[in-house]
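Scroll down for the structure; my scribbles are underneath it.
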Amino acid sequence: MEAIFTRSSVRKFEECPVEPEKIEKILRAAMAAPSAKNQQPWEFFVVTAKNTLLTLSQATPYAMCVKNAPAAFVLAARREGLIAPEFRDIDMAIATENMMLEIEALGLGAVMIGVAPIPENMDKVRAAVVLPETLDPFTILPFGYPAKRRIPEDRYDPARVHWIKA
Ligand SMILES: Cc1cc2nc3c(=O)[nH]c(=O)nc-3n(C[C@H](O)[C@H](O)[C@H](O)COP(=O)(O)O)c2cc1C
Numbered sequence: 034m035e036a037i038f039t040r041s042s043v044r045k046f047e048e049c050p051v052e053p054e055k056i057e058k059i060l061r062a063a064m065a066a067p068s069a070k071n072q073q074p075w076e077f078f079v080v081t082a083k084n085t086l087l088t089l090s091q092a093t094p095y096a097m098c099v100k101n102a103p104a105a106f107v108l109a110a111r112r113e114g115l116i117a118p119e120f121r122d123i124d125m126a127i128a129t130e131n132m133m134l135e136i137e138a139l140g141l142g143a144v145m146i147g148v149a150p151i152p153e154n155m156d157k158v159r160a161a162v163v164l165p166e167t168l169d170p171f172t173i174l175p176f177g178y179p180a181k182r183r184i185p186e187d188r189y190d191p192a193r194v195h196w197i198k199a
């Protein structure tokens, strides 16, 4: 799958907005992800409000690029009613990767901003998006048309592969 190998994190974006059809495709990719017992613990907030993007850019020390993105997804996880709560954040991470790959396939770019499980980050994102107490913020994914792209490095390292042969 080409997008896996061409993707790299994008932190500088063109100002132009992303088409709503593309945003829906990215959300469809997220919700197509596997999850433990198919519990689908996710909720997605699509932020295009400039003032909220600015507040989100101050939610962690490494989120500056959110301020200049035309949009960001905030992923949040439900706290209640889950069948396999111990796997919840793994489910969230897999959905995030699905989104990043669809973003790449659509000619867009994004970067995952680490929020959970750091309580200070989570509190700030919760306040910025006004999340209910039943949801925990997981990550911020600023996205848009890339203003700058890096050629991804080849990270394949055969020394990390351990065969247990027949
Ligand atoms: C869990 C996680 C948290 C991350 N947090 C941040 C972040 O807070 N700010 C940022 O600019 N990049 C963040 N990144 C992006 C990584 O720095 C990036 O994926 C890594 O350097 C590899 O580069 P690549 O994505 O271009 O392959 C995060 C990535 C992951 C998976």
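Note that the sequence shown ends on residue 199 in my numbering; no numbers are left out.
Heads up, the beta-carbon is just placed ideally off N, CA and C, and yes, glycines get one too.
Let me know the secondary structure DSSP gives residue 169 once reduced to three states. Strand.
Decide if the region 39-47 is in contact with the region 124-144; the criterion is three or more beta carbon pairs, one per stretch, under 8 Å apart. The answer is yes - the region 124-144 touches the region 39-47, with three or more Cβ pairs under 8 Å.
Problem set entry | beta strand (DSSP E) runs contained entirely in the region 91-177, provided each spans 3 or more residues | Complete beta strand (DSSP E) runs here, min 3: 104-111 and 168-177.
*For residue 102, which option in 35, 124 and 46 has the closest C-alpha, if you only look at C-alpha atoms?*
In terms of CA proximity to residue 102, 46 leads the group 35, 124 and 46.
Since residue 163 and residue 148 are thought to touch, with beta carbons under 8 Å apart, how far apart are those beta carbons, to the nearest angstrom? About 15 Å separates the two Cβ atoms, so there is no contact after all.
Indicate the three-state DSSP secondary structure (helix, strand or coil) for residue 35 in the structure shown.
Three-state DSSP puts residue 35 in a helix.
_Could you tell me the alpha carbon to alpha carbon distance between residue 57 and residue 121, rounded to whole angstroms?_
Annotation: residue 57 to residue 121 spans about 23 Å, alpha carbon to alpha carbon.
Point to revise | Nearest residue (CA-CA) to residue 143, options 52, 80, 150 and 133 | key: The shortest C-alpha separation from residue 143 is found at 133.
message: At the level of alpha carbons, what is the spacing between residue 66 and residue 115?
response: Approximately 16 Å, taken between the alpha carbons.
**Asked** Could you give the residue range of the beta strand (DSSP E) that holds residue 76?
**Response** Boundaries of the beta strand (DSSP E) harbouring residue 76: 75-80, taken from the DSSP string.
ask   = Buried or exposed: which applies to residue 156, given that a residue is buried once 16 or more other Cβ atoms fall within 10 Å of its Cβ?
value = Only exposed fits residue 156, as fewer than 16 other CB atoms lie within 10 angstroms of its CB.
Please list the terminal residues of the continuous alpha helix (DSSP H) segment that includes residue 55. Residue 55 -> alpha helix (DSSP H) spans 53-64.
Quick check on residue 185: does DSSP put it in helix, strand or coil? Assignment of residue 185 by DSSP, reduced to helix, strand and coil, places it in the coil class.
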